[in-house]
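Numbering (the working numbering), first residue to last: 3 to 751.
A quick write-up on the structure given underneath.
So this is what it looks like as structure tokens:
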């Protein structure tokens, strides 16, 4: 017997002895019979899809034989099986081309997390107390079917499905199930969603999708707050393109100009960084457009359908002269004019907008303004400019509504929602405390969650039906941006499930068949993989794929390489822009009197935790933030002048207060933020999210004002003002902080 095998067996025996000593003979570890044939020491690389952010990167999973602690039919034991050991980017995948960010690498920890829900649970204590007991899948599904069966006739409107943004057949299954239930309340929710960009792109260009910027071929980038190298849109694809723009063309190096109030990872890489007052981004974009038009740097009669949506464009944008905008923003008129000249004379050029600028109350106008600037620059549908990833032939518009609208209905209409299904959405954490989300969800009589972990929202569930991890499940995806090609991703499970879990789509399909009637008719598939295969069969028919002799071969090849992508590139600029009245510039609204709350509050997506959904992964907790190097905590960024005026020093504990709440965080004094702004990363501050994230740091979303953006109903998370007060000495854990020269008393004499 090898030493490592002996150690494994010793560990199992020790754990068993400990359980016996505690008087728990029912939980003895047993050794299960292997469920698959594997060659010891031989690794297999299997295609998969990263699901830890919306980009949809393709991955390869290294699988080898190993032993794991598993749950089988309620029993806990040891099983020899194929285990995922490492994740890398898939070189063949058009989105990430073999590259992968740290979040993608951490997918392993979702599978092996010690706090994963391993079997169905039923609530036993008071709602929200976190008291559950294990039940069988038959019991869980029977109870859920019973609750759903009661929703007939007028009661059908009481059904709601709340999910994270979904794509592919997961979206189709949820959508068809909701329609089969004769309900229309399928709500997709994410704090950092792209609804404003999608709506603006549809208005300007006829594409209800985020844009794909061809950064690799561009010569000039004007970015309004979009952290395209960090978390915005498709960061890995954009980082690849940006690298090519900088170093991939001998003798040619593009330029990046970044407008933002707080330096992001993208801003830190910019050639020119310009501080822009919050909410003024659209105005500045139109000032650049004014200079281009005034100096006739672009043809005046150039087609620009997007410009029709901007009030005053036909008259030459008289209200946006650089001198006027400079007076409003504190910028230099000469700088605005110079950037206009550089962008117009260094074609192709592209303008981007995202993150905070689209999350002010006037975010829609800001996005429309940047779209019009792109059209003026002649970059739409051109290499080096703005492209749109082609949609699949069978793509459907899914019925959906905003979370704010659903909450209002629950608050005002008795029994508006009586049964809620919840999947991968945590609005109690990702919405302001004053929004009333928690109180509204507590009023719903029955909630069933498909989550793998208990969090602030799923702890309210009456029933938990745990999902497979992404490595254990069939996956499919339709990345909406990041590629010039049509991309349809698919991946079989990279490994067998560790525990007694089932994939959400399979559970929904099972429930539909048991309910029968219109729900069963709306979902003709028995399993999730059957639904995915049906979509690829249709894709083969629609695209007449030449790389396979029939649909079965097409399906097999797609599984082997991780999907299918078209050979031809898309250069379609605009199918049909909408025709609507021009939008006038409306100043952004900010919650809080500037005299009492003098600072703009800017929460921002964490490089490691994204929107907080990854804070439970210890790799993400212990990894230094790329800019601040802070680990295992949170912080509030402030300008040195701000800190001096308030008597605050590095790592002092600071109270940040809005009209809707207050929190505390240590100060990070940095010149990378404007004096009238303070910023905090989103991700920490969970009250209930596994051992690694619970009660760690503070959640900046909790003190935001519940202002929404009128056009979409989404949260205007950049529209809150705050005040600061020093309250004592805090603690910042920063990478390298202990690597400074040792103090004299510790040096050898």
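Think of the CB as a built atom: it goes at the ideal place given N, C-alpha and C, for glycine as much as any other residue.
Proximity to residue i [Cα-Cα], best of the options
i: residue 327; options: 357, 356, 346 and 286; result: 286
i: residue 638; options: 585, 611, 732 and 379; result: 732
i: residue 277; options: 294, 225, 252 and 319; result: 225
i: residue 587; options: 289, 550, 38 and 551; result: 289
i: residue 345; options: 292, 367 and 200; result: 292
i: residue 143; options: 609, 598, 220 and 503; result: 503
i: residue 476; options: 532, 484 and 266; result: 532
i: residue 536; options: 482, 101 and 175; result: 175
i: residue 449; options: 414, 130, 43 and 118; result: 130
i: residue 50; options: 622, 623 and 563; result: 563
i: residue 79; options: 120, 584, 58 and 454; result: 120
i: residue 134; options: 167, 72 and 455; result: 455
i: residue 39; options: 497, 445 and 196; result: 497
i: residue 714; options: 611, 473, 405 and 469; result: 405
Alpha carbon of residue i to alpha carbon of residue j, nearest angstrom
i: residue 701; j: residue 690; result: 12 Å
i: residue 372; j: residue 566; result: 33 Å
i: residue 339; j: residue 358; result: 24 Å
i: residue 627; j: residue 45; result: 32 Å
i: residue 688; j: residue 160; result: 30 Å
i: residue 360; j: residue 198; result: 7 Å
i: residue 559; j: residue 82; result: 29 Å
i: residue 651; j: residue 635; result: 18 Å
i: residue 605; j: residue 710; result: 15 Å
i: residue 280; j: residue 263; result: 7 Å
i: residue 76; j: residue 137; result: 9 Å
i: residue 237; j: residue 34; result: 42 Å
i: residue 203; j: residue 99; result: 26 Å
i: residue 241; j: residue 231; result: 5 Å
i: residue 146; j: residue 518; result: 14 Å
i: residue 228; j: residue 179; result: 36 Å
i: residue 294; j: residue 308; result: 16 Å
i: residue 526; j: residue 177; result: 13 Å
i: residue 431; j: residue 465; result: 20 Å
i: residue 188; j: residue 512; result: 19 Å
i: residue 23; j: residue 74; result: Confidence in residue 23 is poor, its pLDDT being 36 and thus under 50, which makes the residue's placement unreliable; the coordinate value appears in the next sentence. Each residue's Cα considered, the two are about 23 Å apart.
i: residue 332; j: residue 117; result: 51 Å
i: residue 543; j: residue 553; result: 8 Å
i: residue 310; j: residue 495; result: 48 Å
i: residue 25; j: residue 418; result: Annotation note: pLDDT 38 at residue 25 (below 50); position unreliable, coordinate value reported separately. Cα to Cα, the separation comes out at about 48 Å.
i: residue 659; j: residue 665; result: 7 Å
i: residue 165; j: residue 452; result: 10 Å
i: residue 57; j: residue 510; result: 25 Å
i: residue 28; j: residue 139; result: Note on residue 28: pLDDT 49, under 50, position unreliable in the model; no value is reported.
i: residue 647; j: residue 655; result: 16 Å
i: residue 445; j: residue 195; result: 26 Å
Residue i CB to nearest heavy atom of the ligand FAD below 7 Å
i: residue 245; result: Because no ligand of any kind appears in the structure shown, any question about the ligand FAD cannot be addressed here.
Integer Cβ distance of residue i from residue j, believed to fall under 8 Å
i: residue 435; j: residue 246; result: The pair is not a contact, with the Cβ atoms about 44 Å apart (cut-off 8 Å).
i: residue 500; j: residue 460; result: About 20 Å separates the two Cβ atoms, so there is no contact after all.
i: residue 730; j: residue 685; result: About 24 Å separates the two Cβ atoms, so there is no contact after all.
i: residue 598; j: residue 725; result: 7 Å
i: residue 219; j: residue 385; result: 5 Å
i: residue 580; j: residue 205; result: 5 Å
i: residue 299; j: residue 342; result: 7 Å
i: residue 707; j: residue 722; result: 5 Å
i: residue 618; j: residue 695; result: 5 Å
i: residue 734; j: residue 421; result: That pair is no contact at about 45 Å.
i: residue 620; j: residue 111; result: 7 Å
query = Can we say the stretch 83–93 touches the stretch 101–110, given the rule of at least three CB pairs closer than 8 Å?
reply = yes
key: Complete alpha helix (DSSP H) runs within the stretch 621–686 (minimum length 4 residues, chain order)   = As far as the stretch 621–686 is concerned, its whole alpha helix (DSSP H) runs of at least 4 residues are 642–648.
task = Quick one: which unbroken beta strand (DSSP E) runs of 3-plus residues sit fully inside the stretch 114–170? Chain order, please.
result = 123–125, 134–136 and 161–165
key: 4 or more residues per run - each alpha helix (DSSP H) lying fully within the stretch 381–446   = Within the stretch 381–446, complete alpha helix (DSSP H) segments of at least 4 residues are found at 405–414, 429–432 and 439–444, given in chain order.
ask   = Whole alpha helix (DSSP H) runs in the stretch 172–234 with 4 or more residues, listed along the chain?
value = Restricting attention to alpha helix (DSSP H) runs no shorter than 4 residues, the stretch 172–234 encloses them at 197–207, ordered along the chain.
query = Taking contact to mean at least 3 C-beta pairs separated by less than 8 Å, is the stretch 61–76 in contact with the stretch 476–492?
reply = no
query = Is the number of C-beta pairs between the stretch 639–658 and the stretch 666–680 that are closer than 8 Å three or more?
reply = yes
ask   = Is it true that the stretch 170–185 meets the stretch 582–600, where meeting means three or more beta-carbon pairs spaced less than 8 Å apart?
value = no
inquiry  = Contact between the stretch 306–322 and the stretch 266–276 is defined here as three or more beta-carbon pairs at a separation below 8 Å; is this criterion met?
reply    = No, because fewer than three Cβ pairs between the stretch 306–322 and the stretch 266–276 fall closer than 8 Å, the two stretches do not touch.
query = Using 8 Å as the Cβ pair cut-off and three pairs as the minimum, do the stretch 251–267 and the stretch 117–128 touch?
reply = Result no; under three Cβ-Cβ pairs closer than 8 Å.
task = Would you be able to state if there are at least three C-beta pairs under 8 Å between the stretch 378–395 and the stretch 407–418?
result = no
query = Which ranges would you report for the beta strand (DSSP E) in the stretch 444–502 if only whole runs of at least 3 residues count?
reply = 448–451, 477–479 and 489–493
request  = Quick one: which unbroken beta strand (DSSP E) runs of 3-plus residues sit fully inside the stretch 501–574? Chain order, please.
outcome  = 565–567
message = Restricting to runs no shorter than 4 residues, where is the alpha helix (DSSP H) found entirely within the stretch 324–355?
response = 324–331 and 335–347
request  = List in chain order: all unbroken alpha helix (DSSP H) runs of 4+ residues lying wholly within the stretch 27–77.
outcome  = none
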